[in-house]
Each structure stands twice: as structure tokens, then as C-alpha cells.
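Undergrad: I have a structure here, written as C-alpha cells, and I will follow up with some questions on it.
Residue numbers (the working numbering): 13 to 187.
Take a look at the structure:
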């Protein structure tokens, strides 16, 4: 009797969905020698080349640490490429107001909240209160006022960093 070549896999609703195969799924392995993980992270073999390596996440991170995007370009070409990419990405600058979306109170970013903690202020402090607290703490911990005190120097550095964060945030809000 002749063997039938007709498939009995008609898809939905009886056995399985349309387009499903009975064979094993092909998985690309990581191109790093000896790695048995799936290679699902493509990486260029050389600058401006369509050829790709396929690494697992661990080896892709290792590869990218040493990657120089501007390798082989002259200084002018590198500057032109950087300017072009900044121009292309500048459209995303409009979403900077979503930066506070992390932990914060909705009106201040996480960095601003940390800066207020350094200046020993409440979260609803006005900019005038921030300026007064910064001056008070900066005078108390300034290296000229407390020479040879490494802890005071470190506190002064933190106070200055907090002031910079809060001042820049206030300038952004005013603009």
C-alpha cells in the first residue's frame, strides 16, 4: 500500500496553531569559544561591517567594554559622526521631564531628595531655605575654617555637590 504524503497537521483548533513545526527549534549558540549559552546579542565584527558575532549577554558585555566606536576615524570624522548622532538623538531631550519618574515625591527627583537629606532639610523646603542651609553648613565645614579635618572636608564636598544638584534643578524649573 502506498504511503500518504498528506499532512494531518491542520492547525487550529485541533492539534496546534498554524505555522507551528514539529521539528526542534534552532538556537544560535554564543560565538565565544567554549560557551554553550544562546547567542542572542549581535555585535559587529569590525566598524561599519554588516558581519556580526552573536554572543550571550555575559560575553556581549565583555566585548562592549573594549569597543571603541570611533576607532579608525580621523578626529574630524569622529567629531562629525558624534555631532550627527547628537542631532539625531536631540529629539529625546524633550522627555527630560520624565527624569523624576523614579523614587521621589513627584516634584523633586531622587537626586534632589538625597541632596536635601545632605543639607538636613525637609522635602518641601523652598530655594531660599536651601540657600541658607547650604551657606550655614558650608561655613561650618569649610577646609579653611577646620584645617586638617578630613571628615569636615568630606562633608564640605558632599554639601557642595548637593548645592550643585539643587541649584541646577531650580534653574531648570525657572527656565
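For every residue, glycine included, the Cβ atom is placed at its ideal position computed from N, Cα and C.
(1) Look at residue 67 and residue 42 and say whether their C-beta atoms are less than 8 Å apart.
(2) Mind reading off the beta-carbon distance from residue 155 to residue 168? Whole number of angstroms is fine, and I expect it under 8 Å.
(3) When we look at the beta-carbon of residue 124 and count the other beta-carbons within 10 Å, is it buried (16 or more) or exposed?
(4) Given a cut-off of 8 Å on the beta-carbon distance, is the pair residue 56 and residue 44 in contact?
(5) Can you give the Cα-Cα distance for residue 133 and residue 152, rounded to whole angstroms?
(6) Out of 174, 77, 149 and 87, state which residue places its alpha-carbon closest to the alpha-carbon of residue 126.
(7) Residues in the same chain with beta-carbon distance under 8 Å from residue 128, minus the five sequence neighbours each way, listed in chain order, please.
(8) Going by C-alpha to C-alpha distance, which of 74, 182, 171 and 79 sits closest to residue 60?
TA: If we stick to the structure as given:
(1) yes
(2) 6 Å
(3) buried
(4) no
(5) 16 Å
(6) 174
(7) 120, 134, 135, 137, 142, 174 and 178
(8) 79
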